[in-house]
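To keep things clear, I will list the structure first and then write my remarks on it.
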Amino acid sequence: MQQMALLQVQNAFMGHSLISSSSFGANEVLLDAIPTIDSGANVPSNIQQDDRYMVSESGLTEGTSKWQSQSMTEPTPSSGDSSSHPHLNQYSLFDLRQPSILQVPTNIWTLTSLFCTPALLDLYFDEFACSWPLLHRGRFFSALEQQPLELLCSAALLGTLFESNINEHAAGSGSQVNQRLAAKRLHEWLLENLSTYLNQRREEGLGRVDGDHAADLAAAQALLLNIIYGICSDQVMLRVRLCSSFGTLIEWIREAGLFQHDNQIMLLTATGIEMDEYHRWTAIESKKRLAFAAFRLDCYISLCYDRGPIIRFQEVCVPLPSSDALWNAAHPGAWRLARQLEPNGRLHKTFSSLCNSAFAGLTHVAVPVLLEEDYELALCALQGGLWEASLQHHEQSILPHSSDGSIYRTSEQIAIERSEAWKAQLESWHTHRNRSQQVNADYSSLAHRRSARFSGTMMYLFSFLRIHADIVLIRRLVASFDPQRGRPASPAASVTSRCLESRLSAWAETRNARVALRCAAQVLEIYVQEEIDRAAAPVFRPVVDLMGVGFYEVASWGHR
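Just so we're aligned: 427 in UniProt numbering is position 427 of the sequence shown, and the numbers increase by one with no gaps anywhere.
This is the structure in structure tokens:
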């Protein structure tokens, strides 16, 4: 939904009596708007490559032997500035045939020439990577020739989300291909074939997946980026395929042992490859970041598509990700210096144990210094139980009363108590995050901190929406109000519509409706601010669009 449309919906909300500020007491105001923070984006750097290589029948590129002897995704870093690479006009195309994991047909090679540009890769790292710090910029560019084509294209596709008109900069392409359709075609090919590749690797492993295989790890990283791109570009028709591909990714991560920290250390030792401390840490941290990115993405998909999360926090038995300063270290010397300044206690406890202690209220357990992004992960950990409680709560609203009402009252009371318990957890999360905001400010970059705060705030409001609003009901209402149907409703559909309106009428008279509409208005208000982090905003677009249409229809229905 475009910004003007969202603004119109927001204005409609703010003018509706159900959500006016006078309808709330002091304890019902949830959050203030996010403060304005400058982005501080870096000036794009550029890359130059001249050699061409052809794709072999096996799908791997025929070229210099160093591509086979070195890792594609964890190359040796350069000793210079982590953000520098050779000069090239930023809108020129890569004139390079990259190594590839898959067998790439000629028509896909043609599409890659439109997207594998230095400008788009720089946009990925400058605008998007602060929200999803999965790839290391310095190590990525220092060994660009070793990066598989699939990973380059996946990063470049996300870069297109921040480029207003990439076609005008496609120097020398001579193509009139519609850029949006080309991106859609490339994305669908990557989504399907990367999923197939990981499934085949799982079958070939006979129950054992090698998480240290460079091509497999790169394929998993590329698939995750493609799933995020599909959500950000709001590919509604790909919803089933996105969820299916994500399921494949999660199963690969599980079988590769990426959710088990001790397993990763054991596997790395078993390889027999001699590695210094820095490269050993890099290998483990890269896999850890993939695991946490999948955990976050599971929560986002749960919110966007209104289903229960498939990863529970108890499964994520790895320590918290490192700080930005440590992750972005350009060489071993800088890494050793950054490690001395790393917050205390982050490597000694797993994420699952920290969550168990926090949710159990064990105040005597030592808690490490938590960063802004850690609080977002904690909110993701709440989503599984919160989804179950909200489902039970909304189910009670449509169950028929028993003859004496006792069974209904007992079940309803249990559902209410569970909902109140989760609301208390959310408020506790909100309080602790605000207290630590100033303490942890120096450990993360400004862009990363702002992105995590925006995402955490949005997720906090969505969590309250889950409790107070029946999202399934709203989705069904949106479908029934769809003007594109243009045909008379059948008798059965009319009965269904009346049932939905009856449920909506009962809900609209409750405090839940006021809180839900207030939350929706705040989400829209925050989302359309020009100061928000552009990298985080697109991931929430599907659910924001749902609220923009659904809650607007609810407000309009209330005036009928």
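For every residue, glycine included, the Cβ atom is placed at its ideal position computed from N, Cα and C.
Item                                                                                                      : Value
Alpha-carbon spacing of Trp335 relative to Glu127, whole angstroms                                        : 24 Å
Residue burial classification, Ile265 (beta-carbon count within 10 angstroms, cutoff 16)                  : exposed
Burial state of Ala293 (16 or more Cβ within 10 Å)                                                        : buried
Rounded separation between His432 and Asp470 - CA only                                                    : 28 Å
Residue environment, Pro105, which counts as buried when at least 16 other CB atoms sit within 10 Å       : exposed
Candidates Leu223, Ala421, Leu500, of which the one nearest Asn199 by Cα                                  : Leu223
Counted within 10 angstroms of its Cβ, other Cβ atoms place His348 as buried (16 or more) or exposed      : exposed
Cys116 - DSSP class collapsed to helix/strand/coil                                                        : coil
Beta carbon of Leu158 nearer than 8 Å to that of His187                                                   : no
With 16 other Cβ atoms within 10 Å as the buried cut-off, status of Met237                                : exposed
C-alpha gap between Lys287 and Arg511, whole angstroms                                                    : 45 Å
Pro319 (DSSP reduced to helix, strand or coil)                                                            : strand
Residue from Phe540, Ile474, Ser154, His468 with nearest C-alpha to Ala516                                : His468
Beta-carbon gap between Gln387 and Gly308 smaller than 8 Å                                                : Looking at the sequence provided, one finds Trp at residue 387 rather than Gln. Against a cut-off of 8 Å, the Cβ pair of Gly308 and Trp387 comes out as a contact.
Span of the alpha helix (DSSP H) around Pro332                                                            : 332-340
Separation of Ser100 from Val523, as counted between CA atoms                                             : 41 Å
Buried/exposed call for Cys499, threshold 16 Cβ in 10 Å                                                   : exposed
Gln260 - DSSP class collapsed to helix/strand/coil                                                        : strand
Proximity to Asp374 [Cα-Cα], best of Gln340, Thr112, Trp281, Pro319                                       : Pro319
Buried versus exposed call for Asp216 [16 or more other C-beta atoms within 10 Å across all chains shown] : buried
Inter-stretch contact at 8 Å, needing at least 3 Cβ pairs: the segment 296-316 / the segment 242-250      : yes
Start and end residues, alpha helix (DSSP H) containing Cys130                                            : Counting along the chain, Cys130 falls outside any alpha helix (DSSP H), and DSSP gives it neither H nor E.
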